[in-house]
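Residue numbers (our numbering): 572 to 798.
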């Protein structure tokens with residue numbers, strides 16, 4: 572959730588103008604089949620219906636190894652930062668993604684973009700943890716959702732950091748009515764700044780493109796590792 576733009580020079584699979592489009596979400600995440608439907612629906616929302624069919628995301632959308640893949644990626648990425656957190660982090664990603672009707676690989680991509688899976692990192696503006704959450708934002712989201720808040724140390728708990736971060740993404744997703752390029756950008760620069768740019772007919776894309784590059788990369792790795 573760092574301020575400012577992060578430049579990125581390549582985008583896999585899609586043109587910047589067709590990165591995102593809205594879709595409706597199935598609201599029954601407690602059922603496994605519906606959780607998978609929500610994941611696919613969110614993937615279509617992120618990629619855009621026009622480009623989804625030919626994307627690496629669609630080609631691997633129905634693989635049954637996604638849970639194991641996430642567990643393996645988390646163990647690998649936490650290897651230098653605290654592998655002891657791996658099970659809690661994996662479970663939090665899967666649980667919170669299902670609860671909010673999101674693709675867990677998207678959450679992986681946001682974490683990779685924000686912190687490279689370092690749960691102890693603190694950003695230059697005070698952002699904390701895996702999803703680089705500002706303490707005031709964390710406190711507000713915790714209060715809004717009835718989460719226990721024990722000060723900014725709450726964000727140093729990797730599972731709580733993910734719980735709060737995914738809840739904030741869900742809030743932004745609703746606020747921007749499923750317009751992915753806006754709510755992804757808002758996670759980085761704040762909803763107010765996204766609105767200001769929209770009023771000037773400027774479409775923020777640098778941070779969103781970096782997240783999406785990581786998103787496509789995880790799906791490609793999933794494909795490469797699948798039998």
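We treat Cβ as the ideally placed atom computed from N, Cα and C, and that holds for glycine.
Treat the numbers as computed from the prediction; the structure is a model and nothing was measured.
If you check the CB distance, residue 751 and residue 778 do not come in under 7 Å. If you check the CB distance, residue 628 and residue 614 come in under 7 Å. Sequence-distant Cβ neighbours of residue 772 in its own chain, meaning closer than 8 Å and more than five residues away, do not exist here. In this structure, the beta-carbon distance from residue 716 to residue 738 falls below 7 Å. Assigned with DSSP and collapsed to three states, residue 664 falls in helix. Across the set 784, 794, 620, 611, the C-alpha of 611 shows the shortest separation from the C-alpha of residue 668.
A direct Cα-to-Cα measurement between residue 735 and residue 798 gives close to 35 Å.
Residue 704 carries a strand assignment under DSSP once its states are collapsed to helix, strand and coil. Here residue 637 carries a helix assignment [DSSP, helix/strand/coil].
A contact is defined here as three or more CB-CB pairs under 8 Å, and the region 782 to 789 meets this definition with respect to the region 675 to 685. When the alpha-carbon of residue 728 is set against those of 638, 655, 607, the nearest one is in 655. Burial check for residue 700: the Cβ neighbour count within 10 Å reaches 16 or more, so the residue is buried.
Per the C-alpha coordinates, the member of 609, 605, 617, 608 positioned closest to residue 781 is 617. If you ignore the 5 residues before and after residue 691, its C-beta comes within less than 7 Å of the C-beta of 652, all in its own chain and listed in chain order. Listed in chain order, the non-local C-beta contacts of residue 730 below 6 Å within the same chain comprise 659, 663, local neighbours out to five positions each way being set aside.
Of 644, 719, 743, the smallest CA-CA separation from residue 732 is found for 719.
Under the criterion of beta carbons closer than 8 Å, residue 665 and residue 641 qualify as touching, at roughly 6 Å. Nearest in C-alpha terms to residue 707, of all of 695, 726, 744, is 726.
Secondary structure within the region 674 to 705: the alpha helix (DSSP H) runs of 4 or more consecutive residues, fully enclosed, are 675 to 686 (chain order).
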